[in-house]
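Notes to accompany the following structure.
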Amino acid sequence: MGLVTGMCSLPASLDGRPKLLLIDGEWVPARSGRVFDSYNPSNGEVIARLAQGDKEDIDLAVAAARQAFQGPWSKFTPAQRQNVLLKLADLVEQNLGDLSLLDSVDMGAPIGHGLSDSAVETLRYYAGWATKIQGETVPNSNPGSFFSYTLKEPVGVVGAIIPWNAPLSSAIEKIAPVLTTGCTMILKPAEEAALSPLAIGELINQLDLPPGVINIVTGFGDTAGAALSEHADVDKVAFTGSSFTGQEIVRAAAGNLKRVSLELGGKSPDVIFADADLDAAVPGAGMAVFANSGQVCCAGTRVFVERPIYEEFVARVSAFADSLKVGNSLDPETQIGPIVSQVQLDRVTGYLEIGKSEGARTTAGGERLATGDLAKGYFVLPTVFADVNDDMRIAQEEIFGPVAAVLPFDSFEEVSMRSNKTQFGLGGGVWTRDVGKAHRMAAAINTGVVWVNTYLNFDPAMPFGGSKMSGWGNEMGQHSLDEYLNIKAVWINTGE
Ligand code: ADP
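Everything in the sequence shown is counted per the working numbering, starting at 269 for the first residue and increasing by one.
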């Protein structure tokens, strides 16, 4: 494990003034006047104070979004909406350095890793769709009497609730389809990491958008988040976060049966066959777990390794884990930053103890790093547990930390079955030189995305979503637009 030194400077927007809520185009304090602190997880220091929005603020933001949905925004042509997205993409591109710094200092993403780089491409990708949303003429069974067609219309006011593990890209992945389809929104960032979403709000105010199209309310999940998901005048909730909170949101949404899309947790299998190129599979499967300190919903945390190469793989992936540079997120050399908060740190270190007490063999890491400059931060060493079996909690529960569970297997049939022995269905990986086996395994894994001889690739054009407890619907890609559109069937009587 290497420690790192040199450091980037803090973003200029962290000027000490409390951050406000964006409601109806204006930056306003919470009605209650309350604020809360946001921490830098690399050193535990307060970096900003944020307005603590709750139900009253959500009510105001929803009213503004409703008015905007019915107002001049509804008259924007597809080409005008496309231009809004392209202008926002340009602004994000011009400010990407600062936005990335905000994510690094706010949630601990290593500055050198480009966690936020996809935001610009995502906006430009969606901009292309704004002019291509169209219904169909439908050949009904009585064409002499009826002409029938479909229209695709925006669902209306969207409540978007996002997590802290990739704040900028999560915000953009919600804002982009809203602008593309002509919806309006209230964005509720995570309380742990709201700075880059708020900075996007500053950029949105530089666009020629009617007020109220995009509103941003910071606050806690059980107050602001709950008020948004149960609000009777919200037409859809788009949520990314834990499966537990996803269930809460579904219950809250039942009041007015609003549309819900969910991108939730995972415990994804990554299958290494004996014929795999281990020079690629070791770092590939390693970073599938350790990237962003394991705070990735589709991290490949259950690593199944074919028995003939099991011990060799365990030794090599453990050496790889030990070689990663753990450090302050603002150091360009850092590969593994901190865990986002004290609460999450306690959760992850709790799982380290659970793994040991369940009898797993610790072959790398296994503890918090609390020495020298890093003692005040929330650092966990990249950890490899070997000799894990399917029934251990570390093989079944989402840890959301840099913790790999490595499990041996003996046959294709066995690993096909065991890879799906989970309540989740988000990501999956296959490493093999046999192209037929790769396709068969990709088909066998019951998840929303499978990577072959690679892992954690994302693209705005590729759908991303999960099955089972990992969610409902897709983000990104063409089909994500349907989550924000209603289909209307229109019948015209052409008969006499
Ligand atoms: P984590 O446990 O990793 O913080 P959560 O799913 O709790 O993940 O948080 C993701 C987002 O959901 C955050 O913006 C959080 O404020 C919000 N949230 C948490 N609880 C609720 C809730 N009961 N209703 C709506 N939103 C919530």
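A virtual CB, placed ideally from N, CA and C, is assigned to each residue, including glycine.
For residue i, tell me which candidate among the options has the shortest Cα-Cα distance.
i, options, result
"Asp599", "Val373, Ser306, Asn761 and Gln338", "Val373"
"Glu751", "Phe732, Pro457, Trp759 and Ala757", "Phe732"
"Asp659", "Ala673, Lys756 and Glu574", "Ala673"
"Gly312", "Glu460, Asn725 and Pro435", "Glu460"
"Asp697", "Ile622, Pro297, Trp740 and Phe572", "Going by the sequence as given, residue 697 is Gly instead of Asp. Measuring from the Cα of Gly697, the nearest candidate turns out to be Phe572."
"Asn363", "Ile577, Ile472 and Leu496", "Ile472"
"Phe512", "Pro431, Tyr646, Val423 and Val314", "Pro431"
"Thr602", "Pro309, Val330 and Gly380", "Gly380"
"Ala387", "Lys756, His747, Ile755 and Ala729", "Ala729"
"Ser384", "Pro465, Gln348 and Pro411", "Pro465"
"Ala544", "Val582, Arg701, Lys400 and Ser510", "Arg701"
"Lys689", "Lys535, Gly741 and Ser609", "Lys535"
"Lys756", "Glu404, Ser438 and Ser687", "Glu404"
"Gly489", "Phe344, Ala520 and Asp590", "Ala520"
"Gln664", "Asp590, Arg570 and Ser510", "Arg570"
"Gly424", "Lys287, Val481, Tyr307 and Tyr393", "Val481"
"Asp727", "Gly633, Arg392 and Ala398", "Arg392"
"Tyr723", "Gly396, Leu369, Pro551 and Phe677", "Pro551"
Quick test of your reading: residue i and residue j, contact by CB under 8 Å. State the CB separation rounded to the nearest angstrom.
i, j, result
"Asn433", "Val564", "7 Å"
"Ala712", "Val720", "Their Cβ separation, rounded to whole angstroms, is 12 Å, which puts Ala712 and Val720 out of contact at 8 Å."
"Ala319", "Leu289", "5 Å"
"Leu592", "Pro650", "5 Å"
"Arg575", "Leu546", "So it is not a contact: roughly 15 Å between Cβ atoms."
"Ala298", "Asp325", "6 Å"
"Val656", "Leu675", "5 Å"
"Phe653", "Ala628", "4 Å"
"Pro606", "Gly645", "5 Å"
"Gly623", "Thr486", "Going by Cβ atoms, the distance from Gly623 to Thr486 rounds to 35 Å, so no, they are not a contact pair."
"Leu436", "Asp371", "5 Å"
"Thr448", "Arg349", "6 Å"
"Ala332", "Asn524", "Ala332 to Asn524, Cβ: 19 Å. No contact."
"Ile291", "Pro346", "Contact doesn't hold; Cβ gap of about 27 Å is too wide."
"Ala377", "Ser625", "In fact, because the Cβ distance is near 31 Å, the residues do not count as touching under 8 Å."
"Ala336", "Pro478", "6 Å"
"Ser609", "Thr508", "Going by Cβ atoms, the distance from Ser609 to Thr508 rounds to 17 Å, so no, they are not a contact pair."
"Trp699", "Ala542", "Going by Cβ atoms, the distance from Trp699 to Ala542 rounds to 10 Å, so no, they are not a contact pair."
"Cys566", "Val717", "7 Å"
"Thr390", "Ile440", "5 Å"
"Val683", "Val582", "With 8 Å as the limit, Val683 and Val582 do not qualify as a contact, their Cβ atoms being about 16 Å apart."
Around the Cβ of residue i, are there at least 16 other Cβ atoms within 10 angstroms (buried) or fewer (exposed)?
i, result
"Asn560", "buried"
"Gln338", "exposed"
"Arg285", "exposed"
"Gly270", "Any reading at Gly270 must be qualified, since the residue scores a pLDDT of 35, below 50, and its modelled position is unreliable; the value itself is stated next. With fewer than 16 Cβ atoms within 10 Å of its Cβ, Gly270 is classed as exposed."
"Thr273", "Because Thr273 carries a pLDDT of 36, less than 50, the predicted location of this residue cannot be relied on, and the following value inherits that uncertainty. With fewer than 16 other Cβ atoms within 10 Å, it is exposed."
"Ile443", "buried"
"Pro670", "buried"
"Pro309", "buried"
"Glu579", "exposed"
"Pro411", "exposed"
"Lys504", "buried"
"Asn725", "exposed"
"Pro422", "buried"
"Ala638", "exposed"
"Arg407", "Reading off the sequence, residue 407 comes out as Pro, not Arg. Result: exposed."
"Pro537", "buried"
"Glu666", "buried"
"Gly450", "buried"
"Met685", "exposed"
"Lys526", "buried"
"Ala462", "buried"
"Lys788", "Since the first and last residues shown for the chain are 269 and 764, residue 788 lies out of range."
"Ala316", "buried"
"Gly634", "buried"
"Ala522", "exposed"
"Val648", "buried"
If you pair each beta-carbon of the stretch 736 to 748 with each one of the stretch 691 to 705, do three or more pairs fall below 8 Å? yes
Can we say the stretch 518 to 531 touches the stretch 546 to 561, given the rule of at least three CB pairs closer than 8 Å? no
Counting only runs of 3+ residues fully inside the stretch 613 to 699, write out the beta strand (DSSP E) ranges in chain order. 629 to 632, 651 to 654, 671 to 677 and 697 to 699
Kindly confirm or deny that the stretch 443 to 456 and the stretch 419 to 431 touch, where touching means at least three C-beta pairs closer than 8 Å. yes
For the pair the stretch 345 to 354 and the stretch 495 to 508, tell me if three or more CB-CB distances fall below 8 Å. no
Say whether the stretch 753 to 760 touches the stretch 400 to 419, bearing in mind that this needs 3 or more beta-carbon pairs closer than 8 Å, one atom from each stretch. Inter-segment contact for the stretch 753 to 760 and the stretch 400 to 419 is present: three or more beta-carbon pairs are separated by less than 8 Å.
What are the start and end residues of each continuous alpha helix (DSSP H) run of 4 or more residues lying completely inside the stretch 368 to 439, in chain order? 386 to 398
I'd like the ranges of any alpha helix (DSSP H) spanning at least 4 consecutive residues and lying wholly in the stretch 463 to 543. 463 to 472, 494 to 498 and 511 to 521
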